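Peer 1: I'd like to ask some things about the structure below.
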Amino acid sequence: MKTRKSNRAKTRKKIIEEDPDAIFADENEVQAGPSAGDQDDDEDFKPPTPGAEAAQDDQVADEAPDPNAMDVDYSQTATQDDVGSDFDEEENPSPRKARKTKAGADAKPAIADAAQTGYMDITTARGNYFVQGYTGPYDRSVKGKAIIRLWYPSGLERVKSMIARWYELSVLPPKMPNAGKDDGLGFGVWTPDRFQKEKASAQAWYGRMKAARGGVDFRVLSETESQPYLALLDTRSMPVLIGPANAQSELHLKAGDAITLSSTGAPEGTEEDSTRANAGWLLDVGGIVPSLSWKPLEEGEGTEQILAMAILSHADQSAARFVEESHNPEFQHHGIVQIWAFASDTSKEGFVRASTSPARCLRALCLDRGRAKRVQWSPTCGLLAIMCGDGSVCVVEPGDGGNGEYEKVVDPVAVLALAGESTKATAMTWINSNRLSVGYTDGSIALWSIFPKRLLSRHAIHHNHVMDMASAYPTFPYLVSSSPVGGPPKLIDLRSPSYETTESVTASLQTSSGIMSYSEHLLGFFFPLPSSNALSTVIGFAHHAYYPVSRRICTPDSFVTCLSAGCTHPYLLIGTLDGSLWSLNPQGELFAVRYEVSDRIRVFQHEHRSAGLFAKGEPGSERGASRILQGFKKEKNPNPRNEFIAAKKTAKKGKGKVPSGPDTSKEVIHEPLTRLTAVQWNPNRGFGCWAAAAMASGLVRIMDIGLEPEPPKG
Numbered sequence: 016m017k018t019r020k021s022n023r024a025k026t027r028k029k030i031i032e033e034d035p036d037a038i039f040a041d042e043n044e045v046q047a048g049p050s051a052g053d054q055d056d057d058e059d060f061k062p063p064t065p066g067a068e069a070a071q072d073d074q075v076a077d078e079a080p081d082p083n084a085m086d087v088d089y090s091q092t093a094t095q096d097d098v099g100s101d102f103d104e105e106e107n108p109s110p111r112k113a114r115k116t117k118a119g120a121d122a123k124p125a126i127a128d129a130a131q132t133g134y135m136d137i138t139t140a141r142g143n144y145f146v147q148g149y150t151g152p153y154d155r156s157v158k159g160k161a162i163i164r165l166w167y168p169s170g171l172e173r174v175k176s177m178i179a180r181w182y183e184l185s186v187l188p189p190k191m192p193n194a195g196k197d198d199g200l201g202f203g204v205w206t207p208d209r210f211q212k213e214k215a216s217a218q219a220w221y222g223r224m225k226a227a228r229g230g231v232d233f234r235v236l237s238e239t240e241s242q243p244y245l246a247l248l249d250t251r252s253m254p255v256l257i258g259p260a261n262a263q264s265e266l267h268l269k270a271g272d273a274i275t276l277s278s279t280g281a282p283e284g285t286e287e288d289s290t291r292a293n294a295g296w297l298l299d300v301g302g303i304v305p306s307l308s309w310k311p312l313e314e315g316e317g318t319e320q321i322l323a324m325a326i327l328s329h330a331d332q333s334a335a336r337f338v339e340e341s342h343n344p345e346f347q348h349h350g351i352v353q354i355w356a357f358a359s360d361t362s363k364e365g366f367v368r369a370s371t372s373p374a375r376c377l378r379a380l381c382l383d384r385g386r387a388k389r390v391q392w393s394p395t396c397g398l399l400a401i402m403c404g405d406g407s408v409c410v411v412e413p414g415d416g417g418n419g420e421y422e423k424v425v426d427p428v429a430v431l432a433l434a435g436e437s438t439k440a441t442a443m444t445w446i447n448s449n450r451l452s453v454g455y456t457d458g459s460i461a462l463w464s465i466f467p468k469r470l471l472s473r474h475a476i477h478h479n480h481v482m483d484m485a486s487a488y489p490t491f492p493y494l495v496s497s498s499p500v501g502g503p504p505k506l507i508d509l510r511s512p513s514y515e516t517t518e519s520v521t522a523s524l525q526t527s528s529g530i531m532s533y534s535e536h537l538l539g540f541f542f543p544l545p546s547s548n549a550l551s552t553v554i555g556f557a558h559h560a561y562y563p564v565s566r567r568i569c570t571p572d573s574f575v576t577c578l579s580a581g582c583t584h585p586y587l588l589i590g591t592l593d594g595s596l597w598s599l600n601p602q603g604e605l606f607a608v609r610y611e612v613s614d615r616i617r618v619f620q621h622e623h624r625s626a627g628l629f630a631k632g633e634p635g636s637e638r639g640a641s642r643i644l645q646g647f648k649k650e651k652n653p654n655p656r657n658e659f660i661a662a663k664k665t666a667k668k669g670k671g672k673v674p675s676g677p678d679t680s681k682e683v684i685h686e687p688l689t690r691l692t693a694v695q696w697n698p699n700r701g702f703g704c705w706a707a708a709a710m711a712s713g714l715v716r717i718m719d720i721g722l723e724p725e726p727p728k729g
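The structure is reproduced here in structure tokens:
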């Protein structure tokens with residue numbers, strides 16, 4: 016029975032307001048999944064030949080249980096109750112009814128009678144009614160309560176609490192008063208006791224490491240010694256337009272500058288309304304930031320947030336200068352990592368806000384191991400892993416404090432490199448305070464011990480470069496998801512990686528890193544949905560227990576260059592090639608009880624114009640010019656498949672044409688320095704609504720985009 020159109024038109028907000036438990040109500044009371052007859056035929060769908068269906072039915076009816084089949088141990092067999100699904104036949108209808116057979120002496124025993132003889136029912140394989148690449152416990156049409164009980168069988172109450180807090184806020188996360196005093200829904204929501212246990216073991220390990228190590232870790236460089244590293248940064252001035260679209264301010268920034276921004280994006284102090292709260296900072300680092308990472312801090316470690324950024328020279332991606340510099344003996348020999356600090360204040364209501372104090376550069380770490388390509392803080396103990404251009408991973412302990420000095424790394428904690436091989440590191444992810452997993456150019460993934468330095472294991476996972484990695488820390492730190500340049504994404508279990516592995520069923524092409532992230536609240540990974548379509552920009556979600564079945568989350572308007580899942584909330588940030596930063600709540604797509612269109616919002620959009628477009632002597636003739644726009648309205652998250660189906664229905668009525676191919680607007684070429692290169696949510700309690708986004712022009716924006724409740728009137 017189909018629901019009325021008036022019922023299907025209800026929004027999810029109205030459903031939640033009428034009945035908070037509607038998300039867990041019976042599916043036939045809210046909306047049953049679409050039956051096979053209601054689904055539109057796939058473009059690859061081939062109708063069965065006449066008589067083929069009847070012949071297949073006769074074959075199924077003639078089948079009988081094999082008396083020689085091996086016995087099944089029912090105690091080890093998963094049932095529907097094991098995964099928490101209580102679907103009946105009406106909630107999960109079969110695509111066609113069972114064929115009726117005539118009773119008589121020649122009738123074969125029914126398959127249903129097999130249970131009485133100790134044999135297990137085996138569902139016969141379907142014919143060519145569906146084009147599927149995966150057969151498992153559910154398909155993509157399963158939604159609402161069914162998918163929740165399947166994914167979180169032992170945590171329904173916790174999921175219900177998360178839905179109650181975040182489901183209605185579809186684009187931006189809410190702030191929680193009294194930082195760190197939440198109700199257990201922050202970071203580590205599924206493992207509240209793990210941090211105390213890990214902290215004790217990490218402190219003991221850290222003490223042994225400090226006692227065994229000696230010497231000087233860093234050495235402050237003189238002005239002359241720091242010149243090769245300063246040469247990586249473009250110190251020329253660049254005009255930047257920021258603020259509201261109808262009243263933008265022009266600033267001139269150069270490498271090392273930092274300004275404070277108001278909630279409208281304008282520089283602090285330029286607006287008449289002095290009551291507006293500070294909403295972040297804008298930095299100019301003078302180079303491309305391919306990777307950045309917030310330092311995890313414990314409660315009581317101070318109010319300053321620490322951000323590490325790897326910086327590349329713009330000349331590295333300039334074809335003309337690349338040819339010239341490649342003849343230099345010290346070509347790309349030097350690398351630099353900057354560490355910045357950002358202060359915070361607490362309002363009288365208990366909300367953490369960005370301070371009006373300027374951002375400070377604590378130090379710049381200098382290395383002679385090639386360009387610093389990726390950085391990542393360890394979960395505890397304050398160690399920083401730096402992936403270098405020579406193929407090694409350098410682990411250092413920067414410490415606290417600093418006044419912006421350039422310090423050369425003299426004695427790192429560990430240098431992880433494969434001896435006697437030309438294989439280079441291309442991706443990495445922390446497993447815990449003393450374990451780091453590294454992906455290499457030959458497709459292998461290794462597990463390293465930091466102290467003592469040991470290569471614990473190394474396994475061939477992919478056939479080419481490992482472009483991206485993410486571990487399921489802290490819930491399942493031994494699970495590592497990875498994507499190669501070409502091929503399917505894979506999930507391995509480091510406890511037994513030789514046979515505990517699974518992968519997507521579709522191979523894809525990935526040319527950039529930083530587009531895979533683990534969500535602690537949803538217990539799954541976000542990454543570009545595997546597709547053979549070169550123009551696909553769909554972001555998908557894969558639950559760790561059902562990795563091959565990815566769910567569509569959103570479809571950005573341009574190619575994805577970076578993304579980050581929240582650590583203290585489930586919200587997702589996505590950076591694209593056209594300079595846009597999107598924010599959305601994946602719960603709207605994953606847990607919706609109806610087939611609704613979720614929301615998204617463009618946090619800001621960055622646009623760059625190269626220096627060649629300006630006349631000599633103009634302000635933008637040195638480094639070009641940049642503009643940052645914000646204040647966009649919330650919009651609907653488009654679904655290309657639904658749009659194609661709607662266009663096809665319109666064409667049938669003679670009111671339009673069916674699109675002849677995929678949307679080619681994603682092929683639009685933007686200025687290379689327009690794109691976003693890195694984005695990350697802050698993982699610390701109370702600061703989870705802070706985010707950092709880097710632009711290829713050299714600008715880095717730190718934002719406080721959490722929503723505060725409106726103060727009571729009067």
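Take the sequence shown: its position 204, counting from 1, is numbered 219 in this note's numbering, and each next residue is one higher.
Beta carbons: idealized from backbone N, C-alpha and C, even for Gly.
Since the model is a prediction, treat every value here as computed from it, not as a measurement.
At the level of alpha carbons, what is the spacing between S176 and T526?
Peer 2: To locate residue 176, count along the sequence shown from 1; it is residue 161. To locate residue 526, count along the sequence shown from 1; it is residue 511. Between S176 and T526, the C-alpha separation is close to 38 Å.
Peer 1: Whole beta strand (DSSP E) runs in the segment 336–414 with 3 or more residues, listed along the chain?
Peer 2: Runs of the beta strand (DSSP E) spanning 3 or more residues and lying entirely within the segment 336–414 occur at 350–357, 359–361, 367–369, 375–382, 387–392, 399–403, 408–411, in chain order.
Peer 1: What residues are listed by DSSP as bridge partners for R566?
Peer 2: By 1-based counting over the sequence shown, the position of residue 566 is 551. In the DSSP output, where bridge partners are listed per residue, R566 has F556.
Peer 1: How many Å lie between H558 and C381 at the Cα?
Peer 2: As a first step, residue 558 is located in the sequence shown; it is residue number 543 there, counting from the start. As a first step, residue 381 is located in the sequence shown; it is residue number 366 there, counting from the start. Using only the alpha carbons, I get a separation of about 39 Å.
Peer 1: Suppose you measure from the CA of H685 to the CA of S595; what does that come to, to the nearest Å?
Peer 2: Mapped onto the sequence shown, residue 685 falls at position 670. Mapped onto the sequence shown, residue 595 falls at position 580. About 12 Å.
Peer 1: Using CA atoms only, rank isn't needed, just tell me which of P698, P563, G295, S636 is closest to P489.
Peer 2: As a working mapping, residue 489 is identified with position 474 in the sequence shown. That would be P698, whose Cα lies nearest to the Cα of P489.
Peer 1: Please work out which residues of its chain come closer than 6 Å, Cβ to Cβ, to W355, disregarding the five sequence neighbours upstream and downstream, and give them in chain order.
Peer 2: Against the sequence shown, residue 355 aligns to sequence position 340. L322, A374, C376, listed in sequence order.
Peer 1: If you drop the 5 nearest sequence neighbours on each side, which residues of the same chain put their C-beta closer than 7 Å to that of A294?
Peer 2: For the purposes of this step, residue 294 is taken as the residue at position 279 of the sequence shown. Answer for A294: L276, S277, S278, A369, M718, D719, listed in chain order.
Peer 1: For R469, count neighbouring C-beta atoms within 10 Å of its own C-beta (all shown protein chains included) and say buried if the count is 16 or more, exposed if not.
Peer 2: If you number the sequence shown from 1, residue 469 lands on position 454. Its Cβ having fewer than 16 others within 10 Å, R469 is exposed.
Peer 1: Could you pull the DSSP bridge partners for D508 from this structure?
Peer 2: What you label residue 508 is simply residue 493 of the sequence shown in a count that begins at 1. Looking at the DSSP assignment, D508 forms a beta bridge with L494.
Peer 1: Please go through the same chain and pick out, in chain order, the residues whose beta-carbon is closer than 8 Å to the beta-carbon of L509, but skip the five residues on each side of it.
Peer 2: Position 494 of the sequence shown, counted from the first residue, corresponds to residue 509. The answer, listed in chain order, is I446, S452, L462, S472, Y493, L494, V495.
Peer 1: At a cut of 8 Å, does the segment 153–169 reach the segment 595–606 through at least three beta carbon pairs?
Peer 2: Contact between the segment 153–169 and the segment 595–606 is present: three or more C-beta pairs spanning the two stretches fall below 8 Å.
Peer 1: Indicate whether L592 and R690 have their beta-carbon atoms separated by less than 8 Å.
Peer 2: Numbered from 1 along the sequence shown, position 577 holds the residue referred to as residue 592. Numbered from 1 along the sequence shown, position 675 holds the residue referred to as residue 690. Closer than 8 Å, so yes.
Peer 1: Could you work out which residue in E314, S573, R615 is closest to E183 when comparing CA atoms only?
Peer 2: For the purposes of this step, residue 183 is identified with residue 168 of the sequence shown, where counting begins at 1. Looking at the Cα atoms, R615 is the closest of the given residues.
Peer 1: Would you kindly report the start and end of the unbroken alpha helix (DSSP H) that includes G458?
Peer 2: As a working note, residue 458 is residue 443 in the sequence shown. Per DSSP, G458 belongs to no alpha helix (DSSP H) and is neither H nor E.
Peer 1: Please state whether the Cβ-Cβ distance between P601 and I589 is less than 8 Å.
Peer 2: Numbered from its first residue, the sequence shown carries residue 601 at position 586. Numbered from its first residue, the sequence shown carries residue 589 at position 574. Not a contact, by the Cβ cut-off of 8 Å.
Peer 1: Compute the beta-carbon to beta-carbon distance between G501 and V481, rounded to the nearest angstrom, for a pair I have assumed lies under 8 Å.
Peer 2: If you number the sequence shown from 1, residue 501 lands on position 486. If you number the sequence shown from 1, residue 481 lands on position 466. Contact doesn't hold; Cβ gap of about 11 Å is too wide.
Peer 1: Given a cut-off of 8 Å on the beta-carbon distance, is the pair K681 and T552 in contact?
Peer 2: Locating residue 681 in the sequence shown gives position 666, where the first residue counts as 1. Locating residue 552 in the sequence shown gives position 537, where the first residue counts as 1. Against a cut-off of 8 Å, the Cβ pair of T552 and K681 comes out as a contact.
Peer 1: Look up H267 in the DSSP assignment and say whether it is helix, strand or coil.
Peer 2: In the sequence shown, residue 267 corresponds to position 252, counting from 1. Strand, per DSSP.
Peer 1: Among F466, N652, S252, F629, which has the Cα closest to the Cα of L298?
Peer 2: Position 283 of the sequence shown, counted from the start, is the residue given in the question as residue 298. Nearest of F466, N652, S252, F629 to L298, Cα basis: S252.
Peer 1: Determine the direct distance from the alpha carbon of M443 to that of S407, and round the result to whole angstroms.
Peer 2: As a working note, residue 407 is residue 392 in the sequence shown. As a working note, residue 443 is residue 428 in the sequence shown. Computed Cα separation, rounded: 11 Å.
Peer 1: Can you give me the C-alpha to C-alpha distance between A432 and S528, rounded to a whole angstrom?
Peer 2: Here residue 432 is taken as the residue at index 417 of the sequence shown, counted from 1. Here residue 528 is taken as the residue at index 513 of the sequence shown, counted from 1. Spanning the two alpha carbons is a distance of roughly 20 Å.
Peer 1: Which value, in whole angstroms, describes the spacing of the CA atoms of T517 and V425?
Peer 2: Within the sequence shown, numbered from 1, the residue matching residue 517 stands at position 502. Within the sequence shown, numbered from 1, the residue matching residue 425 stands at position 410. If you take the alpha carbons of T517 and V425, they lie about 41 Å apart.
Peer 1: With DSSP run on the structure shown, which of helix, strand or coil describes M224?
Peer 2: In the sequence shown, residue 224 corresponds to position 209, counting from 1. Helix, per DSSP.
Peer 1: Could you pull the DSSP bridge partners for Q695 from this structure?
Peer 2: The residue given as residue 695 occupies position 680 in the sequence shown. According to DSSP, Q695 bridges with A707.
Peer 1: For the segment 231–240 against the segment 251–269, are there 3 or more C-beta pairs whose distance is under 8 Å?
Peer 2: no
Peer 1: Are R700 and F202 touching if we call contact CB-CB under 8 Å?
Peer 2: In the sequence shown, the residue the question calls residue 700 occupies position 685. In the sequence shown, the residue the question calls residue 202 occupies position 187. Yes.
Peer 1: So, for A485: in the same chain, excluding its five sequence neighbours on each side, which residues have a beta-carbon less than 7 Å away from its beta-carbon?
Peer 2: To locate residue 485, count along the sequence shown from 1; it is residue 470. Excluding residues within five positions, the ones whose Cβ falls inside 7 Å are T444, S496, M531, S532, Y533, F540.
Peer 1: Relative to the C-alpha of A387, which candidate in P394, M402, G397, T395 has its C-alpha closest?
Peer 2: Within the sequence shown, residue 387 is the residue found at index 372, counting from 1. Shortest Cα-Cα distance from A387 to any of P394, M402, G397, T395 involves M402.
Peer 1: By a C-beta neighbour count over all protein chains shown, 10 Å radius and 16 as the cutoff for buried, is S437 buried or exposed?
Peer 2: Reading the sequence shown from its first residue, position 422 is the one you call residue 437. When all chains shown are included, S437 counts as exposed.
Peer 1: Looking at the unbroken alpha helix (DSSP H) that takes in E172, where does it start and where does it end?
Peer 2: As a first step, residue 172 must be located in the sequence shown, where it is residue number 157. Run containing E172: 171–181, per the alpha helix (DSSP H) assignment.
Peer 1: What does the alpha-carbon distance come out to for the pair C409 and P427?
Peer 2: For this step, residue 409 is matched to residue 394 along the sequence shown. For this step, residue 427 is matched to residue 412 along the sequence shown. Straight-line measurement puts the Cα of P427 at about 7 Å from the Cα of C409.
Peer 1: Beta-carbon within less than 6 Å of K166's beta-carbon, same chain only, minus the 5 sequence neighbours each way: which residues are those?
Peer 2: By 1-based counting over the sequence shown, the position of residue 166 is 151. In the sequence as displayed, the identity of residue 166 is Trp instead of Lys. Correct list, in chain order: H558.
Peer 1: Specify the secondary structure class of W166 as computed by DSSP and reduced to three states.
Peer 2: Within the sequence shown, numbered from 1, the residue matching residue 166 stands at position 151. Three-state DSSP puts W166 in a helix.
Peer 1: How should Y455 be labelled, buried or exposed, when 16 other C-beta atoms within 10 angstroms of its C-beta is the threshold for buried?
Peer 2: Here residue 455 refers to the residue found at position 440 when the sequence shown is read from its first residue. With 16 or more other Cβ atoms within 10 Å, it is buried.
Peer 1: Going straight from the alpha carbon of T206 to that of V174, what length do you get?
Peer 2: For this step, residue 206 is matched to residue 191 along the sequence shown. For this step, residue 174 is matched to residue 159 along the sequence shown. Distance between the alpha carbons of T206 and V174: 14 Å.
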